[in-house]
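Chains as they are written, first to last, in my numbering: chain A, 352 to 814; chain B, 352 to 814; chain C, 352 to 814; chain D, 352 to 814.
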């Protein structure tokens, strides 16, 4: 349960060739709601004009049946925005829709452009006007100013100027274009509809609307869907893919398939491996819901220690809670989690969470469990210590806020007041996720998408 | 996962003697949100006037910090209303606040008055005017018209005229009164605040705000909380308590203690007992989330068959989803649940749910799992066949809608298309819940609160 | 321009026998908007149920086309509520709709019941429950409790218990009933629709919807409109009618006909008479818009002094204006009125207003005109000094707030800083209004509807 | 009363050097509400960032006290947008706020750029991205792309590329810039605040907030207000000013001073002149309120025929009115105007309006008056026949919709069914407005701001 924001994630969906394109995108965004709850938008093309609707909050609250009906057209793209503390102005909600020389375009992306600020500075210097703080606008400006007549060529030339991690959807009047960056950091899935195609961040969206899974868009691939069918290009220099390991650890839904692996299975394996690497003598093993549940099942199976749902989550979480002035212990975490005293009392407890960011929430959980009567608390984490910021988002903690960047495991254990603390080894993690290389920059500081400089401690606008 | 409405449930909370009474009631209602999502209200007394705020939707959406701040006073009561299809007019949202001879009163109740219609008819005949279709208004009318000067006497005399199941909170300018009906059908808990007291439906509310659990209000007990302290009366003829067994099966949160038993433990025992009574040869046992999870853990532990989270719930459920005209298979259930194919595929699966109402949802779940690749599906239910309507609510299914009222187990199995179907025995159920007698009317038609007539097939306004 | 509230006024409209009853009532209320801007409601009967819609603000903002469409039925009544500072809770917005023994009823009234508090006290003592602070609820309670089976008889018996001034609309499932109190204080007009009838406060409503004027409902008359046609009763003791003179002075629209006289003509005559009684040597005569314009035209015609629109009104008045801390002179009045300096400068000015309540606004107007360069300011008022509160409303000024209750004309002149001040004589006023007796209680303290006691300084809930 | 849209008008206001800048701009926009009711926006600079708030509807509805308070800064500009049928999307509401090379800028303008489409096409071709259909965005693009480092130079160079009529406010972090086009078509007024300056469209805004009138900004003048004081430039080629005569006829409030003349006095003279040029034998002269009132007073004074307010305006006009299917005669005009039958009946009536656009409203007024009993109707118009579209706005009627473009006076008279019809002579009009040359393009087709081509029948995006 990441209460502290760490990575910036978003969800995207695009439909081509289906009369109810807006509705299918709407349902897709709904199933991808876990990737972003701050706001959402849908843009449709009726082959003549592009219209859009955006709003703040949850997909199901933003779009009424009337609004969906009004979005006529057989092409649509949509976007879920991650909740951020900062600039949550509606103008930053995607898709970003503008008129350029080539006609109307809408763009939505998941990820971030590492050199966006630099490119933006250059563009502004040359007279560009920016209306949002979204990277999408940078991409559109490059396309608009490329001076290349052919739109596809223009997009390719523009993307070549960008470094970063992105899964991008771009819609013109009559084309739906999907691109995944050469490193393939963020997922993008291609599905088949009865008369058309669909591009989405995770397979759960296909499940909900009954679309058929075709394949993942490959790292560095661009697909162009139009009335002529699907065309696939590989316009970028080939690189070793580095998908984001955190998709498996936390972001993706357990019922999704991502980077060729079922998230559920990966998490199970992570839990099993954690039990092998970081065993503990205990009566019960308790997940931090919801993200920790599947891994905890693996831990329990491997260790033979029974799993108990010793922390119950309240799913009706709202925006504002006023802590009474006669302050309530553990208020910040209690508003989301409540321990089951009868389960915890007198027990030696292993707690399994997906990660530790600032450590403050883990500390509250430990203290709350201790107060509920736990005799011992052994904190286990399904990932290595998070030492480096992800350069994927506004408002992610800077290095100094990440407890593991300046504290060793024993110091962290003391801070969170657990009896023992154990992390999953970084190499095992990759094995659990199916082998191959992943972007593990948040653990080891090795940022694959930054060819030039290591960046330093400077989180960037994204998603 | 009861998608079909069956019982009507609500949550209540009352605070006395705390400067931030409205905020504590607000937090209590938030933690009791699972008992009602249609609407909520809070009334406060500043010892002079009673003011209130009500709204439709979730507690956290209705009450802003400003609204809570404006509800000044050291006494407050609040109410969560269950989602109903029918008369969801704001005037039916409780607390019901009026001026009577004795001054301003606010009333909120969980439960229903079986003879409310009859009493109301009599009152209207004698010139009473009704503004809502809430039973609370009936209670207030009886009090207002009792002709008894002493308010407590008047309340007692009024409640004696009523048959039914209720946990009732009544607030005057300077008293907070809690009453539980003689059968004790609905729970009501007493807690201690630093300088005051709190009455709530479930102990989770005490957990959140850090109140100390004192005890449950006894069946037939009336507590009067005022500046003079707590007074306890037992003004009704003593009856054998009949708490509602469905509180343990489905309504209450697993981290609550109710009727003297931890819900978590009860559900575990139900699952274990179900495994003994209704075994099945299978590879995995899968809960229908969220209500079935704890029982499924019991089933897994007892049977040794590994539990897998083979159905993932989407928690961002909104109000309106338009099914595309190119219709989506299992749309109604898929909007809430998605099978994890990698877990289900090729497996013999035991599915554990808390109950079967109409059978249509169970059927959709079975078919969806079959499509996900399950080889066999053994449906197990932690309660006996639900044959009779609960006379506790608007819009509960009438008898003929309850599949078990007209079909035997084999017929139901065929309908839901499972390979086998097994229910928990009614007597075991009571044992799991800690022994003692419970209201099991929905299983056996024996309505304890209806002394006079059996009622027939006529669901009633409640909560 | 009465900025200070003085009388409480409302508008009512009822339609029988027209498929689009709600729409016609909506348009009627819109044309009667000047009689109340706080809130409005419409109730319809589809001959089976009564449904309603209410809201705060202006008619055109409350009712969307969708809402009007949803109010199906061929009978409707509606109500405009006057803006008050006090209890503007939505539950006080009429029509008041309840279920009584005789079935569903909706009631809306313009006026006030002088003995409402006393009757209410008695009713509450006998067990009645009140949900609003509206007099309408008192009327309904009396009807519900009359013990008389025949509804019409019951209404008559109930109204006989009430003293006061009212024009009342009452709707059952299949009857529309209009009643005017025996003194006929408030207007009520009967009109003909193609297939039905309409009852409204002023003839402007008939003009807008193209209904034919039939006649005014007589003082003490009750009309019962049903499928059987119109029945007229005179169930009350006959009294000398005392229509409210302020309807002509200020309330009614100048294009209405009221109490048998065109308001426009009456105001013209008042202005002419004022010029005769209160002449002044001046260059121009300037109306305080909008209410003073027609009378000023009369003053100008009679005196030969040219009328100039020396004060321009801003019609886009909103609810909240924050006066900057670097305070603005005359801010309170300037937000509504602006002097035309080129017209005022160097001139001897006669200002004509309809009445003076607290005197504070008149004082601001005089000072603002003086600052705009007026050489002399002669304030003329189309009515006598307002010395007594009108017992027709919440929040009207009490006696001591009425400047004329404690100051003579010369003292008022000094307060408002005018060079001269002149009022219209009370007897002339009645002549201008067409002769006959009027209620002039606000001028002479003679309250015709209070048979028993003079009341004292105790403004009452009304409208 | 122009019910048909004809010219596009807007209101602007800018404040420099006053702590409550947003509030003063808010009050200014409120007093300029007659210039635009579709939407409004306010941008403030706190010398570091520019923030803004925009909304649809009336100023007093868009901005709550909270919103105004949140707009901190001692500089602000604001804009009222005229109500249009077309693209009323919120992104077209001004001020237009962006980040350019020179930093953040906000821009608001009243008027239109005749060659905006052409310039925009060129910009888009060179890679510019447009987010709105507002001319303001074109201006900002030119500035951003000028390649000139000095912002003032850059603005001047950009404006030199534009042809059209505009009064422009531009705000940077620390400068407030006001520009009036070389022809001075739209007004712009400079006022003095205690510690700062204010620029507004009309003097009424100064009156409300108690600012001191300094002078009008001259045609072709640019003023730069900063902490260094006011600087005045005249960077454009000098032209003969051509202020818009319609400001005096209709747009401006009668209590404003504009182009050196009091609007009130100008309208009086127009009415007098109309009486001389277009006399008629009649009993009464009736204004079409509100715009026709002052001129009608002049007509009445000159002719000696008494003025009567024979048409009463409803000021509570909302957005949507559903005409009942049993259609109402003259519904469209009756929703705004109602004849006073007692005044009209049996009379020979002169009706005075400011202009005739399509003729349909005039026709409805004549028919409505005829039905109210007028014996003769002599229609008089305070301006010449409107034959040409104003190239100042979206959605103005094209030539063929202007009745006078294709019909002579006698034909128009027949269409509106008046007994006689008379217009004011074009030369007299200029005299009434104080002499000098005006833009009279809507009467004679001579468009002063179009140096190159006459344009044809192609109304343009503006304001």
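Think of the CB as a built atom: it goes at the ideal place given N, C-alpha and C, for glycine as much as any other residue.
Predicted, not measured: the structure shown is a model, and the values here were computed from it.
Item, Value
"Residues bridged to residue 771 (chain B) (per DSSP)", "B:729"
"Rounded straight-line distance, which links the Cα of residue 361 (chain A) to that of residue 703 (chain A)", "25 Å"
"C-alpha distance - residue 453 (chain C) paired with residue 383 (chain D), whole-angstrom precision", "55 Å"
"Cα-Cα separation between residue 769 (chain A) and residue 692 (chain B), rounded to whole angstroms", "37 Å"
"The segment 617-633 of chain A contacting the segment 730-738 of chain A, beta-carbon criterion three pairs below 8 Å", "yes"
"Of the listed residues A:515, A:580, A:766, A:390, nearest to residue 792 (chain A) (C-alpha basis)", "A:515"
"Cβ of residue 452 (chain D) within 8 Å of any chain A Cβ", "yes"
"Residues that residue 475 (chain C) contacts on chain B, provided the C-beta gap is smaller than 9 Å", "450, 451, 452, 495"
"Cβ of residue 745 (chain D) within 8 Å of any chain A Cβ", "Because residue 745 (chain D) carries a pLDDT of 36, less than 50, the predicted location of this residue cannot be relied on, and no value is offered for it."
"Contacting positions in the segment 690-722 of chain D - beta carbon closer than 9 Å to chain C", "690, 691, 692, 693, 694"
"Per-residue contacts from residue 443 (chain C) into chain B (C-beta, under 8 Å)", "Correct list: empty, because the minimum Cβ distance to chain B is about 13 Å."
"Close beta carbons around residue 659 (chain D), own chain, < 7 Å, minus the five adjacent residues each side", "635, 637, 694"
"C-alpha distance - residue 424 (chain A) paired with residue 502 (chain A), whole-angstrom precision", "22 Å"
"Distance between beta carbons of residue 781 (chain B) and residue 699 (chain B), contact taken as under 8 Å", "In fact, because the Cβ distance is near 31 Å, the residues do not count as touching under 8 Å."
"Beta carbon proximity, residue 634 (chain D) to chain C, threshold 8 Å", "no"
"Span of the beta strand (DSSP E) around residue 573 (chain C)", "573-577"
"Whole-angstrom distance between residue 529 (chain C) and residue 523 (chain C), CA atom to CA atom", "12 Å"
"Below-8 Å beta-carbon distance, residue 677 (chain A) vs any chain B residue", "yes"
"Partner residues on chain D for residue 561 (chain C), Cβ-Cβ distance less than 7 Å", "679, 680"
"Rounded straight-line distance, which links the Cα of residue 559 (chain A) to that of residue 675 (chain B)", "12 Å"
"Residue burial classification, residue 628 (chain C) (beta-carbon count within 10 angstroms, cutoff 16)", "exposed"
"Cα-Cα separation between residue 654 (chain A) and residue 725 (chain A), rounded to whole angstroms", "19 Å"
"Nearest residue (CA-CA) to residue 496 (chain D), options D:482, D:451, D:487", "D:451"
"Close Cβ partners of residue 492 (chain A) (< 7 Å) along its chain, the five nearest in sequence each way excluded", "474, 479"
"Short-range partners of chain A found in the segment 600-620 of chain B, where Cβ spacing is below 8 Å", "604, 605, 606, 608, 613, 615, 616"
"The segment 403-420 of chain A / the segment 594-610 of chain A touching (three or more Cβ pairs under 8 Å)", "no"
"Identified DSSP bridge partners for residue 564 (chain A)", "A:542"
"Chain B within 8 Å of residue 430 (chain C), Cβ atoms only", "no"
"Identity of the residues DSSP links to residue 457 (chain A) by a beta bridge", "A:448, A:522"
"Simplified DSSP assignment, three categories, for residue 744 (chain B)", "Confidence in residue 744 (chain B) is poor, its pLDDT being 43 and thus under 50, which makes the residue's placement too unreliable to answer from."
"is_contact[residue 436 (chain D), chain C] using C-beta, thresh 8 Å", "Note that residue 436 (chain D) scores a pLDDT of 37, beneath 50, so its modelled location is shaky and nothing firm can be said."
"Segment contact flag, the segment 680-692 of chain D with the segment 602-613 of chain D, C-beta cutoff 8 Å, min 3 pairs", "no"
"Residue environment, residue 504 (chain A), which counts as buried when at least 16 other CB atoms sit within 10 Å", "exposed"
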